[in-house]
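Notes follow the structure.
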Amino acid sequence: MKHICIIGGTGMLADVTKWYAESNYIVSVVARNVDKMKRMKKVCKNPEHIKSVFVDYRDSIRLAEALEQSIREYGPFSEVIAWVHHDGLDVIQTVFDLLEEKSIVWQVVGSTANVESLREQYNLPKEIQYRFVQLGFIRENNRRRWLSNEEIADGVIQSIRSGDSYNIIGEISIDSP
Numbered sequence: 042m043k044h045i046c047i048i049g050g051t052g053m054l055a056d057v058t059k060w061y062a063e064s065n066y067i068v069s070v071v072a073r074n075v076d077k078m079k080r081m082k083k084v085c086k087n088p089e090h091i092k093s094v095f096v097d098y099r100d101s102i103r104l105a106e107a108l109e110q111s112i113r114e115y116g117p118f119s120e121v122i123a124w125v126h127h128d129g130l131d132v133i134q135t136v137f138d139l140l141e142e143k144s145i146v147w148q149v150v151g152s153t154a155n156v157e158s159l160r161e162q163y164n165l166p167k168e169i170q171y172r173f174v175q176l177g178f179i180r181e182n183n184r185r186r187w188l189s190n191e192e193i194a195d196g197v198i199q200s201i202r203s204g205d206s207y208n209i210i211g212e213i214s215i216d217s218p
């Protein structure tokens with residue numbers, strides 16, 4: 042069984058976590074909120090496939106220790122999906138350092154993120170595939186709105202299925218409606 046790691050997998054990526062678990066992957070979910078984890082597992086058809094990793098991802102040392110333990114228990118990560126805030130970008134290098142060659146990292150980023158700058162920021166000594174899903178907005182009734190968690194999760198799943206190195210969910214243009 043393949044082993045996936047999802048950082049931010051109990052919030053807006055909860056449906057991505059459930060999708061992997063219900064597709065018979067082992068999913069190590071980095072989370073801080075016990076209640077959110079319980080709620081997510083409760084609605085998942087295969088909750089036994091979801092492995093809780095309770096740690097603040099911004100603490101690189103504790104994160105590395107927790108992920109190393111998860112790797113020892115369930116095997117190497119074939120993929121990592123990460124939604125991290127700007128103040129936690131160090132986590133990406135921590136993840137890269139733990140991966141084996143041929144692993145895939147999907148970083149979910151906001152509408153104003155500079156993907157090329159992020160790509161250049163990290164040391165990728167291995168043949169790791171570093172892919173991006175950029176979140177935008179939706180136009181409705183001549184207005185813009187942020188994506189819902191469901192739209193984000195659906196878009197991330199479609200991006201993973203496509204295998205493309207860069208995907209946009211919604212629009213990221215700043216032009217007038």
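In the working numbering, the protein residues as written are 42 to 218.
A virtual CB, placed ideally from N, CA and C, is assigned to each residue, including glycine.
Here the structure is a predicted model, which is why all the values come from computation and not from measurement.
So, using beta-carbon positions, are residue i and residue j closer together than 8 Å?
| i | j | result |
| --- | --- | --- |
| I47 | I122 | yes |
| S101 | V132 | yes |
| S119 | K167 | no |
| L176 | S152 | yes |
| V125 | F95 | no |
| I198 | V71 | no |
Once you ignore the five residues that flank residue i on each side, which residues in its own chain have a CB closer than 6 Å to its CB?
| i | result |
| --- | --- |
| A62 | V68, C85, N87, H90, I91 |
| K82 | P88, I91 |
| N31 | An answer regarding residue 31 cannot be provided, because it is not within the stretch 42 to 218 covered by the chain. |
| M53 | N190, I193 |
| V156 | F173 |
Could you please give me the residues that DSSP links to residue i through a beta bridge?
| i | result |
| --- | --- |
| L176 | I210 |
| V146 | V121, Y171 |
| I201 | Answer is none; I201 lacks a bridge partner. |
| I45 | V68, E120 |
Is residue i helix, strand or coil when you go by DSSP?
| i | result |
| --- | --- |
| Y171 | strand |
| S93 | strand |
| S119 | strand |
| T135 | helix |
| E181 | strand |
| V84 | coil |
| H127 | helix |
| S69 | strand |
| R186 | strand |
| G50 | coil |
| S111 | helix |
Please return the same chain residues whose Cβ sits closer than 8 Å to the Cβ of residue i, not counting the five positions on each side in sequence.
| i | result |
| --- | --- |
| K109 | For clarity, residue 109 is Glu in the given sequence; the question names Lys instead. Cβ within range, chain order: L139. |
With a CB to CB cut of under 7 Å and the five nearest residues on each side skipped, what residues in its chain are close to residue i?
| i | result |
| --- | --- |
| R113 | none |
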